[in-house]
Every structure is written in C-alpha cells, then in structure tokens.
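In case it helps, my numbering puts the sequence shown at residues 1140 to 1553. Cβ atoms here follow ideal geometry from the backbone N, Cα and C, with glycine treated the same way. Computed from a prediction, not measured in an experiment: that's the story for all the values here.
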Amino acid sequence: MPRLRYVVTPADEGQKLHRLARRWLRDVPLSAVFRLLRQGRITVNGRRAPRDAVLRAGDVIEAELERVEGPGPDPSGLRPGAAGRPGPRPAAPHPPGPRPAAPQPPGLRPAAPHPPAPHVPGPRVPELDPVIVYEDDHVLVVNKPAGMLTHGDGHAEWTLLAWVRDQLARRGTLPAGALFQPSPAHRLDRNTSGLVAFGKTRHGAARLAEALRSGQAIKEYLAVVRGRPPEGLLQHRLWRDRDHRVSRVIGQDGEAPTAATTSRDIRASSGAGRTLPARPAADEPGPGAAGAPPAATGDLRRTGAAAPGAAREARHAALRLAVLAVGHGFSLCRIHLLTGRTHQIRAQLAATGHPLAGDRKYGGPKVPGLQRPALHCYRLVLPGGVDVVAPLPPDLTGLCRRLGLALPGIRGEG
C-alpha cells in the first residue's frame, strides 16, 4: 500500500492531528479520514498516534492509502483494507484552496501537498498598498488603506489578505507546502482604514484569537461624528439585517428604533440605565445647517420594523467613547471597541443620533471632500508589550483641519 507523506511546518505547529489530517486529505471523505485515524493508518514519526496529538514542526505525518484503478472516485468513502471490496482511488492531499472542477485521472496523485503559490486575485492597485507596522515570528500588524477589502467577497479583487500572503511568500517566510495560511484575526470594512492583525502561524492566530476574546487586546478608533455624542460606555443590542446588509439596534421587544425615537429611546450608559437626551447637543447642527443630517436618514432608521426573531438573534454590543474636540457641529471621538460586531461603531453612533461624517448608509451627513465614513482604527495593543498606532490618513487629517478639530497627541498624515 502506498503511503502519503507530509512534514509539519512551523506555521502548522500546535495543530491537532485530526485537524491537520482533515485539511491535508481534504478530497478524502471525512468519514474515511476518521476511519484511517481509528485504524492507526495515519502515523506521526512512524508511530500510531491519538487523533488529538499536538503536532510540532518537523513531525512526519504518513497516511496509508490504497491504489484503486477505475474511472473515477466513488463517493461512498475511502476503500477499507479488506481485499476484494471496491472503493475509490485515494485523493491527493493539498493545502486549502479551490477544489478541482473535474476528477483527475485514475491512480494516485502526488504524495505531498502542492506548495501554495503566491495568490493575488485581481490586478494589483499600487495606491492601495498597505504598510506593515509590526511583525514578529507569529504576528503581523498592517495599516490598511480605505477602499481595500480585508478579504475577498466572492469577486476577484486585490485584498489585504492577498497582499499579506503575497508579501510573506515573496520574502520566503511563508513555508512552502504549509497547510496553515496567514489570516486576519479581525476585519475592517472596505472604507475603514487602520490596523488589522494577522496570525502568521497557528500559534500566532490562536494567541490573537484569545487576546480578542478575553479583552486583553485593545482596539482604539478615531471617528468624526455629527454633533456631540454622549461619552462613556455605550451599550446596545445589535441585529444583523442581512437583506439590507446593515446592523440595526433593537429593543427588548425586537423593534428597530425609528427616526423619531432613536435619540430618546436607545439607552447608553456611563453608569447603569442612563437614557440619551432627545434634543440635540449644543454643538449639533439643526435642520438645514451645515453638516445637518439629510431628510432621509439612511437604511438604519428608515423603518421601525425588525424581522421575526430579531430579538432572539440580537447580540450585545459595547464601546467606550471620549470626545477629543468639537467644532462646526462635529466631534472628533476616540472609541475603545469592547465587542466586535459587524458595523458596530457605525450602527451604535447612528442609533444615538450622531452618525459618522460621510456614512450615508447609516444616515451620516455628506461632507465636501470626504468620500467615505470618517472612521480609522488608530491603535492596537496586544499582550506582550505590542502597542502600535496607524497615523490618521490624509483625508481624515484634512477633514479635521477644515472643521477646526484639534488633534491632541494624535499622529496624522498630510
């Protein structure tokens, strides 16, 4: 019986045997992979190993498969060891990626995973080149420009994920044949600029995930909003409206707030149960003034009806907000994100009646010279002493200057 062989790379270190086997033998039915593990036909360094064995760099993994000649694979599973019983030919292991569109010729495919080639979907866009602001053996932190997707959305595009993998492959720091591929630990919307952390190895990815889950990681954003929002802890329940691709703040009854009730009925607190005032703050522009909200306040507040089950599906969202500067009906705010929900900052600010400047989807005012929501992930703190900042980009620095918003202790470009 032929044996397939794979050497664990540093990027794969720390992974359990059954997880690596499922990725390595990804064309083999899952039931067959687990049967091989139970039968001891997937070994580590020549010895039978439990399915939960933790792998280290340099470990040699071998899988014992059978050659079965025939017109193509049998979907019933991998051929068991008994002679005379039909089964499919074994499928070649390879790293994650698109599966072949058509079956391969009968017989064994190569016994080792194909090394991942640098993958760059779509044409490269030089003006969207990110900047690496921190790197160690396991973690990479990148300053993403506005206009760039963090990862693909099903269309061929130049994404931050593609850029990072391309950079590591060009440098030779992405091990050839590694089943683990660097991935972002969190994401930013296309038109939000700033810091995104990547796990370069499985250990790094696990470290980042735990830091974000436990609250040990600190993510701080800078935002320009209409009016002067309440400071302190803001807490809401967010429901993701997938039909309209927005996040909605809802009450306990499952109803989304309307334009008339948003400011007075959504609760935010710097203590327990404080209710936001219904009337605008002193620096908030009135109707028709420069920076005032448009008549139609965007998808979030266009309807008060939420879908059935919204209350059950809603998730807790929390952030801390501090106002740094006020001018011309706008505020520059520092936001410490405590939970990581889709469109969380945009939805929560809109729900308090103080949407982001330029965020038309959530009712934000149109501002001359600003082509996106005024939101930037400025600072990222990770366990182990990692504390990095991404300077405020030129479009937002210029916006603050035009509005007379001081930048106290904030690094900016342009």
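Legend entry - Alpha-carbon to alpha-carbon, GLY1492 and ALA1435: The residue labelled residue 1435 in the question sits at position 296 within the sequence shown. The residue labelled residue 1492 in the question sits at position 353 within the sequence shown. With a pLDDT of only 36 at ALA1435, under the threshold of 50, the placement of this residue in the model should not be trusted; the figure read from the coordinates follows. Distance between the alpha carbons of ALA1435 and GLY1492 is about 13 Å.
Legend entry - SER1386 burial status per 10 Å Cβ neighbour count (16 or more: buried): Looking up residue 1386 in the sequence shown gives position 247. It counts as buried.
Inset, instruction - Would you kindly work out how many angstroms separate the C-alpha atoms of PRO1432 and ALA1285, rounded to a whole number? - result: The count along the sequence shown starts at 1 and reaches residue 1432 at position 293. The count along the sequence shown starts at 1 and reaches residue 1285 at position 146. Bear in mind that a pLDDT of 40 at PRO1432, under 50, signals an unreliable position, so the number given afterwards is only what the model happens to contain. Taking the straight line from one Cα to the other gives about 23 Å.
Inset, instruction - Within 10 angstroms of the Cβ of GLY1523, are there 16 or more other Cβ atoms? Answer buried if so, exposed if not. - result: The residue given as residue 1523 occupies position 384 in the sequence shown. GLY1523 should be labelled exposed.
Inset, instruction - Indicate the three-state DSSP secondary structure (helix, strand or coil) for LYS1155 in the structure shown. - result: By one-based count along the sequence shown, residue 1155 stands at place 16. LYS1155: strand per DSSP, three-state reduction.
Legend entry - Residues that ASN1282 bridges to, as DSSP identifies them: Taking the first residue of the sequence shown as 1, we reach residue 1282 at position 143. DSSP, once it has assigned bridges, lists VAL1270, LEU1334 as partnering ASN1282.
Inset, instruction - Specify whether the stretch 1359–1370 and the stretch 1486–1506 touch according to this definition: at least 3 beta carbon pairs, one from each stretch, less than 8 Å apart. - result: yes
Legend entry - Supposed close pair ARG1161, VAL1172 - CB separation, criterion 8 Å: Here residue 1161 is taken as the residue at index 22 of the sequence shown, counted from 1. Here residue 1172 is taken as the residue at index 33 of the sequence shown, counted from 1. About 6 Å; that satisfies the 8 Å criterion.
Legend entry - Residue range of the unbroken alpha helix (DSSP H) whose run includes GLN1483: Working through the sequence shown from its first residue, we reach residue 1483 at position 344. Its alpha helix (DSSP H) spans residues 1483–1490.
Legend entry - 8 Å contact criterion, which LEU1334 and VAL1146 should meet: CB distance rounded: As a working note, residue 1334 is residue 195 in the sequence shown. As a working note, residue 1146 is residue 7 in the sequence shown. 34 Å between Cβ atoms; not a contact.
Inset, instruction - Please report how far the alpha carbon of ARG1451 lies from the alpha carbon of ALA1202, in whole angstroms. - result: One-based indexing of the sequence shown puts residue 1451 at position 312. One-based indexing of the sequence shown puts residue 1202 at position 63. About 45 Å.
Inset, instruction - Can you grab the Cα-Cα spacing for the pair ASN1282 / ARG1473, in whole Å? - result: As a first step, residue 1282 is located in the sequence shown; it is residue number 143 there, counting from the start. As a first step, residue 1473 is located in the sequence shown; it is residue number 334 there, counting from the start. Approximately 18 Å between the Cα atoms of the pair.
Legend entry - Coarse secondary structure for GLN1306, derived from DSSP in three states: Stepping through the sequence shown from its first residue, residue 1306 is reached at position 167. Residue state, collapsed to three classes: helix.
Legend entry - Contact check, ALA1308 vs ALA1324, beta carbons under 8 Å: Within the sequence shown, residue 1308 is the residue found at index 169, counting from 1. Within the sequence shown, residue 1324 is the residue found at index 185, counting from 1. Contact flag unset, no.
Legend entry - Cβ-based burial, ASP1380 [other Cβ within 10 Å; buried from 16]: Your numbering for residue 1380 matches position 241 in the sequence shown. Classification of ASP1380: buried, given that the 10 Å Cβ count is 16 or more.
Inset, instruction - Taking only runs that begin and end inside the stretch 1506–1545, name each unbroken alpha helix (DSSP H) of 4 or more residues, in chain order. - result: 1533–1542
Inset, instruction - Quick one: using the 10 Å Cβ neighbour count with 16 as the cut-off for buried, is GLU1359 buried or exposed? - result: Position 220 of the sequence shown, counting from 1, holds the residue named residue 1359. Buried.
Inset, instruction - Find out if the Cβ-Cβ distance for the pair LEU1194, LEU1164 is shorter than 8 Å. - result: Sequence index remark: in the sequence shown, residue 1194 carries index 55 (1-based). Sequence index remark: in the sequence shown, residue 1164 carries index 25 (1-based). No, the pair does not count as a contact, with Cβ atoms beyond the cut-off.
Legend entry - Neighbour-count burial assignment, ARG1310, 16 or more Cβ in a 10 Å radius: For this step, residue 1310 is matched to residue 171 along the sequence shown. Exposed: under 16 other Cβ atoms inside 10 Å.
Inset, instruction - Would you identify the three-state DSSP class for HIS1493, choosing helix, strand or coil? - result: In the sequence shown, counting from the first residue as 1, residue 1493 sits at position 354. Three-state DSSP puts HIS1493 in coil, outside helix and strand.
Legend entry - Contact belief for THR1298 with THR1289 at Cβ below 8 Å, rounded distance in angstroms: In the sequence shown, residue 1298 corresponds to position 159, counting from 1. In the sequence shown, residue 1289 corresponds to position 150, counting from 1. Rounded, the Cβ-Cβ distance is 7 Å, consistent with contact.
Legend entry - Residues of its chain near GLN1154, where Cβ-Cβ distance is below 6 Å and the 5 sequence neighbours each way are ignored: The count along the sequence shown starts at 1 and reaches residue 1154 at position 15. Within the same chain, GLN1154 has close Cβ partners LEU1194, ARG1341.
Inset, instruction - State the Cα-Cα distance for the pair GLU1152 and GLY1537, rounded to the nearest angstrom. - result: If you number the sequence shown from 1, residue 1152 lands on position 13. If you number the sequence shown from 1, residue 1537 lands on position 398. Computed Cα separation, rounded: 46 Å.
Legend entry - Assigned secondary structure, ALA1345 (DSSP; H/G/I helix, E/B strand, else coil): Looking up residue 1345 in the sequence shown gives position 206. Helix.
Inset, instruction - Would you kindly work out how many angstroms separate the C-alpha atoms of VAL1462 and ARG1550, rounded to a whole number? - result: Here residue 1462 is taken as the residue at index 323 of the sequence shown, counted from 1. Here residue 1550 is taken as the residue at index 411 of the sequence shown, counted from 1. Straight-line Cα distance between these residues: approximately 17 Å.
Inset, instruction - Taking the CB atoms as reference points, tell me whether CYS1539 and LEU1471 lie closer together than 8 Å. - result: Numbered from 1 along the sequence shown, position 400 holds the residue referred to as residue 1539. Numbered from 1 along the sequence shown, position 332 holds the residue referred to as residue 1471. Result yes, Cβ atoms of CYS1539 and LEU1471 sit closer than 8 Å.
Inset, instruction - Have a look at GLU1370 and LEU1460 and give me their C-alpha separation to the nearest angstrom. - result: Taking the sequence shown and counting its residues from 1, the one referred to as residue 1370 is at position 231. Taking the sequence shown and counting its residues from 1, the one referred to as residue 1460 is at position 321. For GLU1370 and LEU1460, the distance between alpha carbons rounds to 5 Å.
Inset, instruction - Have a look at ARG1541, HIS1467, LEU1351, GLY1543 and flag the residue whose alpha-carbon is nearest the alpha-carbon of LEU1519. - result: Here residue 1519 corresponds to residue number 380 of the sequence shown, with the count starting at 1. Comparing Cα-Cα distances from LEU1519 to each of ARG1541, HIS1467, LEU1351, GLY1543, the minimum goes to LEU1351.
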